[in-house]
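Structure record follows, encoded as structure tokens.
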Amino acid sequence: MPRVKTGHVARAACAVAVIALYFFYSNPWSSASPSKPGVWRGGGADVLDHVNMFIGTINGGHAFPGASLPYGMAKASADCIGEAHGGFASDGSDISGFSHMHDSGTGGTISLGNFPIFPQFCEDNDISKCKFAKNQRVVGRGSYDASPGYFDITLADGIRGEATVTSHTALYRFTFPKNVSTNGAPLHPVITLDLNDLANTRTGSAKASIDPKTGQIQGSGIFSPSFGTGKYEAFFCMDFKGVEMPSSSIWEGIGTLVNVTTKEFVGYSHGGTLSMFDPPRGNDHILTRVGLSLISSSQACQNAESEIPKFDFGKVRKAAENEWRKKFDVIKVVRGGIDKDLEAIFWSGFYRTMISPQDYTGENPLWNSTEPYFDSFYCIWDSFRSQHPFLTLVDPIEQSRMVRALLDIWKFEGKLPDCRMSLCQGFTQGGSNADVVLADAYIKKLGGGIDWDLAYRAVVSDAEDELERWDYAGRGSLHSWKRLNFVPIHDKDDQGAGLRTRTVSRTVEFAYNDFCIAAMAEGLDHKEDSSKYLSRAGNWRNLFKSDQNSSIDGVDTGFVGFLQPRNADLTWEEQDPARCSPLLKPDSCYLDGGGGETYEGACWLYTFFVPQDMAALVTLLGGPDEFTKRLNFLHESGLLYMGDEQAFLTVFLYHYSGRPGLSAKRAHAYIPKEFNNTINGIPGNDDSGAMGSFVTLTMMGVFPNPGQDVYFITPPFFQEISIVNSQTGKTATIRNINFDARYKNIYIQSALKDGNIWTKNWIDHSFFAEGGVLELTLGPEESKWGTRNEDLPPSMSTKARDAKDLI
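Going by UniProt numbering, the first residue of the sequence shown is number 1, and it counts up by one from there.
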């Protein structure tokens, strides 16, 4: 996803300072306590107690801290007027209401937050003094708390709002204090609803209706997505319980009540509903149930009535918590005395990986299908790198359903998405990286009824067929890609319409996408295709300029040879290899500005992106020693911004130069200094759990090279960790011998797999599918383990080897 520019440079400067503190072990958790006392309790016997919901809720992290089920459509929380991308942020800003649908960790503009409700007292019970539109609804925050499936805040005016959810329904419990007017009369609680969303994108018509017999309120609105094109319509159904039926009315404009029970609002006219209740007599709670749908208001009501028939807040909350426990139950850890903050980092990251994509099955109005439908892929450019491989490990059944949903989108819309939200196409940021997700699922033999022939047709379509408008799906510049074997700058042969930038980053991504297609072609017996796409997978070389130097602040780095933009006539153009890094014009390579030839990263970074043939790249950059020096420089100079997902793989690329111990060292440098148990605990947008999956996989000790059957082995951050495969029922266990909780022993000295010597610094997915025990003996210094050529992960140029045959 596009980064949020505010604070980007500041965070980059902090990253440089972090490198200066490299391996500060004397008290690594000195700054890791939550910034707001009482927000995260932690350390309890229940795994849910280890989840800090507020990690990444400030400074551009945009993580959603409200109530949600795994992959749930309903996501309820208070909304703030500050960094409201995740609804609520830990930025101290005032609260503007409570809404029921959110995304998590996104950049770009704010999404969802449809139909916010606002509990309030109106001065002297005077309706004209109520707060209606968003610019009026401002109230300070008091104490707040959250845990999986639950959100709780007390506002500055004393009103307490709690939220829990089912799949498509939010349930709120509002507690109003006993307040009196200036003349001593009891004040009546009021709940207003606004037919808008967080970003004020409603443009088409909106509707509201009140049933005078039951008090039920229904409505709808047409809105815009946050990072794409098109419109979507959302529907709600709201009921109250716990007090007498309120007096409800429809309002318009700046708060004028209209004497009708049904009204349509045309264009962008303000409007909504107001419900006034009798004054509280004791500990009265107003329970507010909001059913949601993308089909109709009546379906929203059906969702609410079937999912929460009795308004039992405690029961709904408990059920939500149990759903999370089931997800967490696939992993068991032996702590080995580690700090509780580390556990919080791990389980909180795990939690955030399952907030999105969101399961909208049965709520897709665009086509009729019996297949699953998932939304809020924000964005696959981010999530293919770690989130989807993580879900393949810990939740393969749902990952399979997501793959089937992607294929259904291709079947009915003609292209696999790169980004998708609110039923709409999102922007394409680079290559066609859904190809990597499908290939990753295929080579790891993901079950669940995936139609692999259909999947193959979909990925080949990405490689061969260009849309007239390719900004939203597929690839652009395919004519030049096939003719020149790279994407040229200033491409004049492109027949379609799209943003003709990012030629360097698109070239290396296209090359990897085609490698992934080749792997599927080989397995599905399309031999000629396999050869063709393997050939295209080498196209990254055509943008490598062997004599390109790099200077930073006028000082030569000493490294020569970088990817560079190239013209169709094979002449070169120059982009400073450091441009788009934290050290030089970091905001100049977004979709919405700068026009750089790399996307959200420098040529310094993208020169390392050859995941299909790292052996060739190591040779090209001067051999293992020179490659290691260059990779060290990338991590230590301030060039690398860990807030962008392209940085993830670079932490583990030392495996390819025979230095797996340095991968472990880097992992322990970034955790906890950039990934920690604070509200600033991630370095960039969480991107629907991409950051969460990075930290969780890293702490598990098995980071994937996505799209390949390769996991890099580093020591887990726990004494022992076990993962149960929910499809096969088998358990894979990784055990550290000589583990110490202060992480002096982070280097593997030797390894055994099921009692047999294991010298490879990587392992394949069969270990997790079939189960087994990987035992790692640790020490305080690097060893020879995993350093021989035959111990390195496979590369295209060295021919893939099967880990199972290399014991």
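C-beta: ideal position from N, C-alpha, C; glycine also.
Cutting at 8 Å between CB atoms, please list the residues of its own chain near Ala769, excluding the five before and the five after it. Lys444, Lys445, Asn725, Gln727, Thr728, Lys730
Proximal residues to Thr698 (C-beta, below 6 Å), its chain only, five neighbours per side dropped: Ala667
Ile117, DSSP secondary structure in three states: strand
Using DSSP bridges, identify the partner residues of Glu162. Asp152, Arg173
How is the beta strand (DSSP E) around Phe240 delimited, first residue to last? 232-241
Buried versus exposed, by CB contacts within 10 Å (16 or more), Lys326: exposed
Give every residue of the same chain whose Cβ lies closer than 7 Å to the Cβ of Val139, excluding the five residues on either side of it in the sequence, and list them in chain order. Asp94, Ile95, Leu155, Ala156, Asp157
Short of 7 Å in beta carbon distance, which residues of its chain neighbour Asp197, apart from the five on each side in sequence? Order them along the chain. Leu112, Gly113, Asn114, Phe223
Under three-state DSSP, which class holds Met276? strand
Expressed to the nearest angstrom, what Euclidean distance is found between the alpha-carbon atoms of Asn433 and Gly107? 19 Å
Here's the rule: buried if 16 or more other CB atoms are within 10 angstroms of the residue's CB, otherwise exposed. What is Leu653? buried
Please name the residue or residues paired with Leu634 in a DSSP beta bridge. Paired residue(s): none; Leu634 is not in a bridge.
Candidates Tyr360, Lys332, Asp278, Asn322: which alpha carbon is nearest Asn303's? Tyr360
Could you name the residues of the same chain whose beta carbon sits closer than 8 Å to that of His479, not counting the 5 residues immediately before and after it, in chain order? Glu466, Asp493, Asp494, Gln495
When the Cα atoms are used, what is the spatial distance from Ala616 to Lys799? 11 Å
Can you give me the C-alpha to C-alpha distance between Val39 and Thr678, rounded to a whole angstrom? Because the pLDDT at Val39 is just 48, under 50, the model does not fix this residue reliably, and the point stays unresolved.
Decide yes or no for the touch test of the region 297-316 against the region 167-177: beta carbon pairs closer than 8 Å, at least 3 of them. yes
Just the Cα atoms here: how many angstroms apart are Arg788 and Ile55? 40 Å
Ser369 - containing beta strand (DSSP E), residue span: First-last for Ser369: undefined, no H or E at that position.
Residues in its own chain within less than 6 Å of Ser90 by CB, not counting five upstream and five downstream? Phe54, Thr57, Ile58, Ile679
I think Pro225 touches Ser422, with their Cβ atoms under 8 Å apart; what is that distance to the nearest whole Å? 4 Å
In whole angstroms, give me the CA-to-CA distance for Arg502 and Cys589. 8 Å
Where Val436 and Val266 are concerned, what is the direct C-alpha to C-alpha distance, given to the nearest angstrom? 43 Å
Using the Cα positions of Phe24 and Arg742, report the straight-line distance between them to the nearest angstrom. With a pLDDT of only 30 at Phe24, under 50, the local geometry of the prediction cannot be trusted, and no value is derived from it.
Could you tell me the distance, in whole angstroms, from the CA atom of Lys263 to the CA atom of Ser247? 17 Å
Would you call Tyr373 buried or exposed, if buried means 16 or more other Cβ atoms sit within 10 Å of its Cβ? buried
Please list, in chain order, all residues of the same chain as Val773 whose beta carbon is under 7 Å from its beta carbon, the five residues on each side excluded. Thr733, Arg735, Asp754
Spatial neighbours of Gly44 within its chain, please: C-beta separation below 8 Å, excluding the five flanking residues on both sides. His50
Out of curiosity, what's the CA-to-CA distance linking residue 858 and Cys580? Nothing about residue 858 can be read from this structure; the chain reaches only from 1 to 807.
Quick test of the definition: if touching needs 3 or more C-beta pairs under 8 Å, does the region 571-587 touch the region 626-641? yes
Buried/exposed call for residue 843, threshold 16 Cβ in 10 Å: In the structure displayed, the chain extends from 1 to 807; residue 843 sits before or after that span and is not available.
May I ask you to verify whether the region 529-538 touches the region 568-576, counting CB pairs closer than 8 Å and requiring at least 3? no
Leaving out five residues on either side along the sequence, give the residues of the same chain with a beta carbon under 6 Å from the beta carbon of Asp791. Thr759, Lys760, Asn761
In or out: Ala185 buried (at least 16 other Cβ within 10 Å) or exposed? exposed
Taking the alpha helix (DSSP H) that Glu528 falls in, what are its first and last residues? 527-536
Straight-line CA distance for Asn368 to Gly362? 9 Å
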